[in-house]
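Here is the structure we will look at, set down as structure tokens.
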Amino acid sequence: QSHVQIYGVVDAGVLAEYGTPAGNTTGIGSGLASGSRLGFKGSEDLGSGLSAVFVLEGGYHVDTGAMGQGGLIFGRQAFVGLRGTFGTVTVGRQYSPYYQAIRDVADPFEDGMAGQATNLMAGNYRMDNSVVYATPRVAGWSAEVAYGAGEETDKLAVNDARKRQFSGMLSYTQGPLLVMLAHHHREDALLPDHVRHTALAARYTLGDVMGHVAVADNRGLAAERSRDVLLGVTWKNGPHRVLLSAIARNDRSAAQRDARQLGAGYLYGLSPRTDLYAAYGHIDNDNGAAFTVGNATDSGNGNAAVNLGLRHIF
Amino acid sequence: QSHVQIYGVVDAGVLAEYGTPAGNTTGIGSGLASGSRLGFKGSEDLGSGLSAVFVLEGGYHVDTGAMGQGGLIFGRQAFVGLRGTFGTVTVGRQYSPYYQAIRDVADPFEDGMAGQATNLMAGNYRMDNSVVYATPRVAGWSAEVAYGAGEETDKLAVNDARKRQFSGMLSYTQGPLLVMLAHHHREDALLPDHVRHTALAARYTLGDVMGHVAVADNRGLAAERSRDVLLGVTWKNGPHRVLLSAIARNDRSAAQRDARQLGAGYLYGLSPRTDLYAAYGHIDNDNGAAFTVGNATDSGNGNAAVNLGLRHIF
Amino acid sequence: QSHVQIYGVVDAGVLAEYGTPAGNTTGIGSGLASGSRLGFKGSEDLGSGLSAVFVLEGGYHVDTGAMGQGGLIFGRQAFVGLRGTFGTVTVGRQYSPYYQAIRDVADPFEDGMAGQATNLMAGNYRMDNSVVYATPRVAGWSAEVAYGAGEETDKLAVNDARKRQFSGMLSYTQGPLLVMLAHHHREDALLPDHVRHTALAARYTLGDVMGHVAVADNRGLAAERSRDVLLGVTWKNGPHRVLLSAIARNDRSAAQRDARQLGAGYLYGLSPRTDLYAAYGHIDNDNGAAFTVGNATDSGNGNAAVNLGLRHIF
Numbered sequence: 130q131s132h133v134q135i136y137g138v139v140d141a142g143v144l145a146e147y148g149t150p151a152g153n154t155t156g157i158g159s160g161l162a163s164g165s166r167l168g169f170k171g172s173e174d175l176g177s178g179l180s181a182v183f184v185l186e187g188g189y190h191v192d193t194g195a196m197g198q199g200g201l202i203f204g205r206q207a208f209v210g211l212r213g214t215f216g217t218v219t220v221g222r223q224y225s226p227y228y229q230a231i232r233d234v235a236d237p238f239e240d241g242m243a244g245q246a247t248n249l250m251a252g253n254y255r256m257d258n259s260v261v262y263a264t265p266r267v268a269g270w271s272a273e274v275a276y277g278a279g280e281e282t283d284k285l286a287v288n289d290a291r292k293r294q295f296s297g298m299l300s301y302t303q304g305p306l307l308v309m310l311a312h313h314h315r316e317d318a319l320l321p322d323h324v325r326h327t328a329l330a331a332r333y334t335l336g337d338v339m340g341h342v343a344v345a346d347n348r349g350l351a352a353e354r355s356r357d358v359l360l361g362v363t364w365k366n367g368p369h370r371v372l373l374s375a376i377a378r379n380d381r382s383a384a385q386r387d388a389r390q391l392g393a394g395y396l397y398g399l400s401p402r403t404d405l406y407a408a409y410g411h412i413d414n415d416n417g418a419a420f421t422v423g424n425a426t427d428s429g430n431g432n433a434a435v436n437l438g439l440r441h442i443f
Numbered sequence: 130q131s132h133v134q135i136y137g138v139v140d141a142g143v144l145a146e147y148g149t150p151a152g153n154t155t156g157i158g159s160g161l162a163s164g165s166r167l168g169f170k171g172s173e174d175l176g177s178g179l180s181a182v183f184v185l186e187g188g189y190h191v192d193t194g195a196m197g198q199g200g201l202i203f204g205r206q207a208f209v210g211l212r213g214t215f216g217t218v219t220v221g222r223q224y225s226p227y228y229q230a231i232r233d234v235a236d237p238f239e240d241g242m243a244g245q246a247t248n249l250m251a252g253n254y255r256m257d258n259s260v261v262y263a264t265p266r267v268a269g270w271s272a273e274v275a276y277g278a279g280e281e282t283d284k285l286a287v288n289d290a291r292k293r294q295f296s297g298m299l300s301y302t303q304g305p306l307l308v309m310l311a312h313h314h315r316e317d318a319l320l321p322d323h324v325r326h327t328a329l330a331a332r333y334t335l336g337d338v339m340g341h342v343a344v345a346d347n348r349g350l351a352a353e354r355s356r357d358v359l360l361g362v363t364w365k366n367g368p369h370r371v372l373l374s375a376i377a378r379n380d381r382s383a384a385q386r387d388a389r390q391l392g393a394g395y396l397y398g399l400s401p402r403t404d405l406y407a408a409y410g411h412i413d414n415d416n417g418a419a420f421t422v423g424n425a426t427d428s429g430n431g432n433a434a435v436n437l438g439l440r441h442i443f
Numbered sequence: 130q131s132h133v134q135i136y137g138v139v140d141a142g143v144l145a146e147y148g149t150p151a152g153n154t155t156g157i158g159s160g161l162a163s164g165s166r167l168g169f170k171g172s173e174d175l176g177s178g179l180s181a182v183f184v185l186e187g188g189y190h191v192d193t194g195a196m197g198q199g200g201l202i203f204g205r206q207a208f209v210g211l212r213g214t215f216g217t218v219t220v221g222r223q224y225s226p227y228y229q230a231i232r233d234v235a236d237p238f239e240d241g242m243a244g245q246a247t248n249l250m251a252g253n254y255r256m257d258n259s260v261v262y263a264t265p266r267v268a269g270w271s272a273e274v275a276y277g278a279g280e281e282t283d284k285l286a287v288n289d290a291r292k293r294q295f296s297g298m299l300s301y302t303q304g305p306l307l308v309m310l311a312h313h314h315r316e317d318a319l320l321p322d323h324v325r326h327t328a329l330a331a332r333y334t335l336g337d338v339m340g341h342v343a344v345a346d347n348r349g350l351a352a353e354r355s356r357d358v359l360l361g362v363t364w365k366n367g368p369h370r371v372l373l374s375a376i377a378r379n380d381r382s383a384a385q386r387d388a389r390q391l392g393a394g395y396l397y398g399l400s401p402r403t404d405l406y407a408a409y410g411h412i413d414n415d416n417g418a419a420f421t422v423g424n425a426t427d428s429g430n431g432n433a434a435v436n437l438g439l440r441h442i443f
């Protein structure tokens, strides 16, 4: 008991979606603001500044009781490693360093609710079979690199499909400023090709207001290429929190599948651990682009959505 | 750790069944008296009489290690909500108000062991995507209403099968008496029709003895209609507990598929948290009725069964 | 919270395999030294020397977040029972008494890492639907017997495939010596035949060194018969631990599919709960024998493997 800490999120609410294949729909959703989760974590002091650390965190759907992440018991995060003066080395299923630039720096919505950045922008969320090294922070600088082995140890060669990934970020913070540069490289499962994302994100705090700005360059298969620009604002005052963001995706391939998203959110803190929230997100798709307004749990079905919910952190 | 409480039940025993398609069988079963479960729950005081509450509770089979409820991690209960002077509002996968009338009032077996009422009577156990409002108790009166959204937010319209449900109960208690009136309405998944159940259940405590009585009216599809009458007794004395119940199901359709069940159970409390139990249930089926004697976890295969087991609550 | 204790293992590392169908492979593996697991256990003092006990323990893959044991929530162990002066009786999914002789006495690797005994020898790990009785230890003697019911209570007779198992062990310990005799009997699922294993294992501690010796006789279907002989050494000194074992399998059937395994391992204890480990295992297969070098979680794909990892116990 003393070696493990239990934590989690229970988040549920009403989800209204507009412009879905089934028209406009309304229902109950789980994890709109933050994915509902249950986690177990711990650390052990090994002396000489060294610690062992682990996290086991699984997602679930509070509306149906089902496991998240397609049926993985610890599908959100699972890793073990060592932390010391040299930094931290961890092994398991882990968030990519790239994702930190999107969730923690660029997106006022922290990758949740209808206005979340990943409706348009690549998230590169998690890497199976990964080794992550994070440096300590020195004079405001820190970095993190990750390598994801492509399941080479599978019994059958045909399952060797999820190929290697590399991800890294470089971060600098000074006073109110945080800047992060991130890159993610994923080998394609079938083609001798790969997908690359590069993002530069910054946020700046001025009193109650935090400004966010990000640019991402995406290079896909077969010369697909696009660029995203995000501008956002977080305003906090007492229990009130307002989130605004605008994202433009510029498709630089011949198809010109551009898109623009506007997102607005409001959270009322009943306590530091419990929020009521409301959010709206809307996407304009050009030339057959098919981006959808999702939330922290679901990728969404329509081009606009309203979220009303309750998030409790334990 | 301080924000979450772990609790559960481990229940296992010997299950003998009679009159099954495979003849008479004997084996090891899980959760005969109470479904084996592991749960996480918590509440947070938000001030002004308001609290946030959550429950995450999953079933499992102690005999095989498998997940319960067909593979749901929190398939028994999963909800989050707010409790205040106005009552409690919760969202998630929750027991129907109707089920409370059966389990908590009508059935001496509390919906477990071979004599359980739901062998014959409808349980209407759980509602996915549900919002439940429970009033506070005022002068002995309380009520609960639930609405279950029909998964309208599914990506594919063809999955929009589990239609809406409504469920409610009204309860009155005074001294030794508890009376509950409950109704459950479920839209059919395919037909423009619905299933309705109405139950009136009461229990009365006199010294060591509690008497139970219940009547349920069931209206199914295509003019199916039936009525159930239950009489039961619970006798408690020190570590001993004896349960008896008799149920008659009167099929009011042309097929006349009536059935009668007799159930008897005995629990010996090794402690308030640990019981040894024995139970017997027997059903007489008329005109091809196919009711089976189950238990808290399994719906059963035969028309009679014996349970011998150990239930530990933690 | 006070009634349940949470415990577990997070184990991850690099797994290199040689001579697999896909050639030589390298990747990240979970649970090489000990299967990664999360468990919940507890006991309740019932007075008069009697206690209720339970264990719920599930495996998982830290490299992918997936559930272990093919998708069982408590696939490692799940049982409830009573412990008293008479011994312990438990019901559920449990390790066979036979497996204790292999893991706890015979194998210096304790059934983990590339050198583990079960690469060649039968493990008879777990028994579903089982009742286990363990005697108390008297004058150095103890015994354990297990009966596994063959899922007779399944709804369909065709699923009644996993037939009954019987398993038992007799153990004697005096000072530095521990001897265990074990037998396991499994009815075949289809044929009116059964598989039987008998093992005699001993270990002897002399200062920093523990010597291991075991002989197993295996009788399979259709007159298959083989014999295994194991010799092993465990050397412990401060944080260092060296494991060595050699196993010869003598196939006494006409096919003469003999095999020999050599295993070597080293663990460095960063603390009593956290180890760095390295291991190597190699198998020589004769006449088409197809034994593979596995680890605590995977049965392996090649005839040799290297493990490098970190195991943290909480």
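Protein chains in written order, with my numbering: chain D, 130 to 443; chain X, 130 to 443; chain E, 130 to 443. C-beta: ideal position from N, C-alpha, C; glycine also. Being a predicted model, the structure only gives us computed values, none of them experimental.
C-alpha of Val342 (chain X) to C-alpha of Tyr224 (chain X): approximately 22 Å in a straight line. Residue-level contact by beta carbon fails for Gly394 (chain E) and chain D, as no gap is shorter than 8 Å. If only uninterrupted beta strand (DSSP E) runs of at least 3 residues are considered, those enclosed by the segment 152-182 of chain D are 152-159, 166-176. Each residue's CA atom was taken as its position, placing Leu372 (chain E) and Asp357 (chain E) some 19 Å apart. Among the bridge pairs identified by DSSP, Thr334 (chain E) is matched with E:Met339.
Distance from Thr421 (chain E) to Asn436 (chain E) at the Cβ level is roughly 14 Å; contact not present, criterion being Cβ atoms closer than 8 Å.
Around the CB of Tyr397 (chain E), fewer than 16 other CB atoms lie within 10 Å, so the residue is classed as exposed. Chain-ordered, the chain X residues with CB closer than 8 Å to the CB of Tyr189 (chain D) read Leu185, Ile202, Phe203, Ala207. In its chain, beyond the 5 residues on either side, Gly164, Arg166, Gly197, Gln198, Gly204, Arg205 have a beta carbon closer than 6 Å to the beta carbon of Gly188 (chain E).
A distance of 8 Å or more separates the beta carbons of Leu161 (chain X) and Met250 (chain X). Taking 8 Å as the cut-off, the beta carbon of Leu405 (chain D) is found no closer than this to the beta carbon of Ala141 (chain D). At a cut-off of 4 residues, the continuous stretches assigned as alpha helix (DSSP H) that sit fully inside the segment 216-281 of chain E are 226-229. At least one CB atom of chain X sits nearer than 8 Å to the CB of Asp257 (chain E).
Taking C-beta separations shorter than 6 Å and ignoring five residues to either side along the sequence, the partners of Ala418 (chain X) in its chain run Arg386, Ala388, following chain order.
Contiguous beta strand (DSSP E) elements confined to the segment 396-422 of chain E occur at 403-414, taking only those with 3 or more residues. Assigned with DSSP and collapsed to three states, Ala351 (chain X) falls in helix. At a cut-off of 8 Å, the C-beta of Ile412 (chain X) has no neighbouring C-beta in chain E.
Secondary structure of Ala384 (chain D) (DSSP, three-state): coil.
The segment 349-368 of chain X and the segment 231-241 of chain X touch, with no fewer than 3 CB-CB distances between them shorter than 8 Å. Of the candidates X:Thr403, X:Ser177, X:Ala408, the residue whose Cα lies closest to the Cα of Gly176 (chain E) is X:Thr403.
The residues Asp140, Gly160, Leu161, Ala162, Ser163, Gly164, Asp240, Gly241, Met242, Gln245, in chain order, have a CB closer than 8 Å to that of Ala425 (chain E) in the same chain once the five nearest residues on each side in sequence are set aside. With a cutoff of 8 Å on beta-carbon distance, Tyr147 (chain E) and Ala330 (chain E) are scored as not near each other. With fewer than 16 other Cβ atoms from the protein chains shown falling within 10 Å of its own Cβ, Leu335 (chain X) counts as exposed.
Scanning X:Val184, X:Asp192, X:His190, X:Ala230 for the CA closest to the CA of Gly221 (chain X) turns up X:Val184. Under DSSP, Val324 (chain E) shares a beta bridge with E:Arg315.
Pairing Arg315 (chain E) with Val308 (chain E) gives a Cβ-Cβ distance that is not under 8 Å. Nearest Cα to Ser374 (chain D) within the set D:Leu350, D:Ala408, D:Gln134: D:Ala408. The C-beta of Gln303 (chain X) has fewer than 16 other C-beta atoms within 10 Å across all chains shown, which makes the residue exposed. One thing to note: Ala272 (chain D) has its Cβ no nearer than 8 Å to the Cβ of Leu201 (chain X).
Scanning X:Gly423, X:Lys292, X:Val267 for the CA closest to the CA of Gly279 (chain X) turns up X:Lys292.
Secondary structure at His369 (chain X): strand, using DSSP grouped into helix, strand and coil.
For Tyr301 (chain D), the enclosing beta strand (DSSP E) stretches over residues 294-303.
Contacts with chain D at 8 Å (Cβ-Cβ) do not include Met242 (chain E). In terms of beta-carbon proximity, Gly156 (chain X) lines the interface with chain E, with at least one pair separated by less than 8 Å. Around the beta carbon of Pro305 (chain E), fewer than 16 other beta carbons lie within 10 angstroms, which makes this residue exposed. The residue among E:Ala352, E:Leu399, E:Arg332, E:Ala377 with its C-alpha nearest the C-alpha of Asp233 (chain E) is E:Arg332.
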